[in-house]
Every structure is written in C-alpha cells, then in structure tokens.
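Take a look at the structure below.
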Amino acid sequence: MQFEKVRPNAVTIASMLSVCAQLSVMMLCKEVHGYLLRKEFESNILVSNSLITTYAKCGDISSSWAIFEKMPERNEVSWNSILLGLGMHGHADETFGLFERMEAAGMKPDRVTFTALLSACSHAGRVEEGLKYFKRMVQDYKIEPQLEQYTCMVDLLGRAGHLSHAYDIILTMPCGPDDRIWGSLLGSCKIHGDERLAEIVADHIFELDPTSIGYRTLLANLYEDYGKWNEVTRIRSDIRGMGLKKTPGCSWIEVDSNVHIFTAGDKSHNQSEEIYITIDSLTSETRKAGYIPQPLTVSVGLDEVSNENLISIKDDDLLFSVASRKNNQKVSTEMMIG
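Each residue of the sequence shown is one higher than the last, beginning at 7 in our numbering.
Shown next, in the form of structure tokens:
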C-alpha cells in the first residue's frame, strides 16, 4: 500500500493490530503504534480501542491503560477493551474500580463487560466478587447469561476448588453445555485431584466429542497422578483403536529477526546440545530454590517422544532455554507459545 501511495485508513490499521494481537508480537505492535503517532491516527476511537486490546494481548497492560486514559472520547468498546485486558492479567481490584467508573460515566455494561469482570475474578481467585457480579448481571441489568458467562463461572469456581458448585451450574444452566465448559471443569478436577468427578465429567465430554484426544490425555494424566497405569493403558488403547493422534504443541522465538521453532523433545536445532545443557542448568537452579518439577509422562498420544526418566522436555522449556542464553548475550528476543 505504501509503495502504491495508498494511505491506510482506520480499518486497515485495526486489521494490522489484530494480527499483532493474535501473534503477540510486541515489537511489531510498537512499530505500528509509532506509525500511528506520526500520522496522527491515535485519536481515532477504532484505532485506540485496537491498540488497547493489542498491547494487553502482547503483555503490556500499562500501555493499554495509558492509551485508554488519554482517549478524548470513549465508547462501550473502549471500556470493555481495557476491562478485558485488566481481567486477562488478573488485576481484579483495578477491574472492579474501572467498572465503577464506567457506571458513573453512564455507560451501560453488556455481556462482554461481565465476561471481563468474571475473568478478572477467576484469574485472581475472587470467588465472592465473582458470585456478586454474576448476580448483578442478572438482577440489576437484566442480562441473561450465555455460555461464555457460565464458562467463566465454572472456571472461577473450579480454580478455587468449588467443584461441586461448578458441576451444579453446568447441570442447571438453561443453555446446553459444550465440551469447553466441561473441559474447564475436567482441568479443575485434575488440579484438585477429584478422580470421581473427573470420570463423570469425562463421560459428558466424550459424549459431545467422541474423538477428543486432548481431554483423553488430560484424564490419563490424572490417572497417572494416582498411579492407575491400567487406566492409562486403556485410554492409550482407545486412542490407537480410534486412529487418533495428538498434535504436539509448538513454541517459537524471534532472535535478531530469525525465528526458531520448537516442538516437544525437539533436537533438530543446530544448537540443540547447548540448549539442552542450558535446560539442565535452569532445572538445577530451580531445584536449589526448592522447586521440584512434577514428573510428566508422554505415554498418551505422543509415542514419538521419549519418556526417559518420566520427565518430558516440553517445547516451552526449549524456548525459555534459548531466551535465557540470548538474553545473557544482550540481544533482542520475542517469544511466543502456541
């Protein structure tokens, strides 16, 4: 566009920022922001809202807040964008305070607003406040909760260990549950070690999505925690019998404009020997600090990865190893876990 001397408009800029947000590439976000400042685009509400969201997703909530506070004019999206950003980063008190400002400014909250509030409560473990805002949404603003808000409540209660309450919400909510809300509760069962409820929840998940390998792996991991290797073997057999295959997660890091991609157990990098030495060093340091890594097997769905010593080298371990080595050399790095 610049080569053709076509001037971008607010929609073009918002689209660019959306890409930056999805990739969480901070440096590119700042480059776009710099262009906006030079071209005096920042006063546009659509652009400012996009900047708030992008900086939040890139991990810089302070910049999101600064942009919001400097906006000469705000709409509902502006308030919701910064509320979602604060909630995403677990800044519960700031989220609550901003919601009060929103009400005082005469802005009417919607479902997105309450999703942000419930998300903040979930990340900060604020169960009582979460229940209060859910009640206010229904009683004060006459907003009928939908699946997104119910999922937030199940996540909030599940993280805090209120598994029975979370289960009751799923059973009694008027909209039909999907595998995501059941999956949230299954993850909480894994965290809090509720094997009985996990089996019940898993049955619901597999009824909705019989080919789900991710949730089968999660259930197998719970059985591993209890040493129920027969159950682990059964799940592995089911996965093979159904022809399912787990796609390994990957991480990538940009170092001096070069992108390095890693998957679990990866040894294809030309500096893999040095990277694994760094991982050993970092693991040793964390052990000295009192942290004992939880043994992780990869016996379900990832046959090609070695489970030597029952410890898996994950893709993000490799990524942080590279980041550690490169930061010691004082070079610029951008990290992304996918």
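Ideal Cβ positions, reconstructed from N, Cα and C, are used throughout, including at glycine.
Please read all numbers here as calculations on a predicted model, not as lab measurements.
- Query: Hey, would you say residue 118 sits closer than 8 Å to residue 166, going by beta carbons?
  - Reply: Numbered from 1 along the sequence shown, position 112 holds the residue referred to as residue 118. Numbered from 1 along the sequence shown, position 160 holds the residue referred to as residue 166. No.
- In chain order, what residues of the same chain have a beta carbon less than 8 Å from the beta carbon of residue 30, not counting five sequence neighbours either side? One-based indexing of the sequence shown puts residue 30 at position 24. Hits under 8 Å: 63, 64, 65, 342.
- Task: Assign residue 245 to buried or exposed, taking buried as 16 or more other Cβ atoms, counted over all protein chains shown, within 10 Å of its Cβ.
- Result: Translated into positions along the sequence shown, residue 245 becomes position 239. By the neighbour-count rule (16 or more Cβ atoms within 10 Å), residue 245 is buried.
- Message: Less than 8 Å between the C-beta atoms of residue 108 and residue 85, yes or no?
- Response: Here residue 108 refers to the residue found at position 102 of the sequence shown. Here residue 85 refers to the residue found at position 79 of the sequence shown. Result yes, Cβ atoms of residue 108 and residue 85 sit closer than 8 Å.
- Residue burial classification, residue 268 (beta-carbon count within 10 angstroms, cutoff 16): Residue mapping note: residue 268 aligns to position 262 of the sequence shown, counting from 1. With 16 or more Cβ atoms within 10 Å of its Cβ, residue 268 is classed as buried.
- Contacting residues, own chain, Cβ-Cβ under 7 Å from residue 190 (five flanking each side not counted): Taking the first residue of the sequence shown as 1, we reach residue 190 at position 184. Around residue 190: 157, 160, 161, 164.
- Message: In the DSSP assignment, the alpha helix (DSSP H) including residue 74 goes from what residue to what residue?
- Response: As a position in the sequence shown, residue 74 is number 68, starting the count at 1. 67-76 is the extent of the alpha helix (DSSP H) around residue 74.
- Run the CB neighbour count on residue 91, radius 10 Å, all protein chains shown included, and call it buried at 16 or more, exposed below. Start at 1 with the first residue of the sequence shown, and residue 91 comes out as number 85. Counting Cβ neighbours within 10 Å, residue 91 comes out buried, since at least 16 surround it.
- Query: Hey, how far is the Cα of residue 196 from the Cα of residue 228?
  - Reply: What you label residue 196 is simply residue 190 of the sequence shown in a count that begins at 1. What you label residue 228 is simply residue 222 of the sequence shown in a count that begins at 1. Approximately 6 Å, taken between the alpha carbons.
- Message: By alpha-carbon positions, which one of 225, 98, 77 ends up nearest to residue 199?
- Response: Locating residue 199 in the sequence shown gives position 193, where the first residue counts as 1. For the residues 225, 98, 77, the minimum Cα distance to residue 199 belongs to 225.
- Message: If distances are taken between C-alpha atoms only, which option among 206, 205, 82, 214 comes closest to residue 113?
- Response: Position 107 of the sequence shown, counted from the first residue, corresponds to residue 113. Cα-wise, what sits closest to residue 113 is 82.
- Item | Classification of residue 290 by the beta-carbon crowding that lies within 10 angstroms, buried from 16 upward | In the sequence shown, counting from the first residue as 1, residue 290 sits at position 284. Exposed, by the Cβ-count rule.
- Query: Pick from 111, 47, 110, 139: whose alpha carbon is nearest that of residue 123?
  - Reply: Counting from 1 along the sequence shown, the entry for residue 123 is found at position 117. It is 139.
- Query: Relative to the C-alpha of residue 24, which residue among 58, 41, 142 is closest?
  - Reply: As a position in the sequence shown, residue 24 is number 18, starting the count at 1. Comparing Cα positions, the closest option is 58.
- For the beta strand (DSSP E) holding residue 102, just list the boundary residues, first then last. Here residue 102 refers to the residue found at position 96 of the sequence shown. Note, residue 102: premise wrong, no beta strand (DSSP E); alpha helix (DSSP H) at 98-110.
- Which full runs of the alpha helix (DSSP H) of 4+ residues lie inside the segment 168-195, going along the chain? 169-178
- Message: Is residue 120 close to chain C? Criterion is C-beta to C-beta, closer than 8 Å.
- Response: In the structure shown, chain C does not exist; there is a single protein chain.
- Are the CB atoms of residue 400 and residue 176 nearer to each other than 8 Å? For residue 400 there is no data in the structure shown, the boundaries of the chain being 7 and 344.
- Query: Rounded to the nearest angstrom, how far is the Cβ of residue 78 from that of residue 49, given a contact under 8 Å?
  - Reply: Here the question's residue 78 lines up with position 72 in the sequence shown. Here the question's residue 49 lines up with position 43 in the sequence shown. Indeed, because the Cβ distance is near 7 Å, the residues count as touching under 8 Å.
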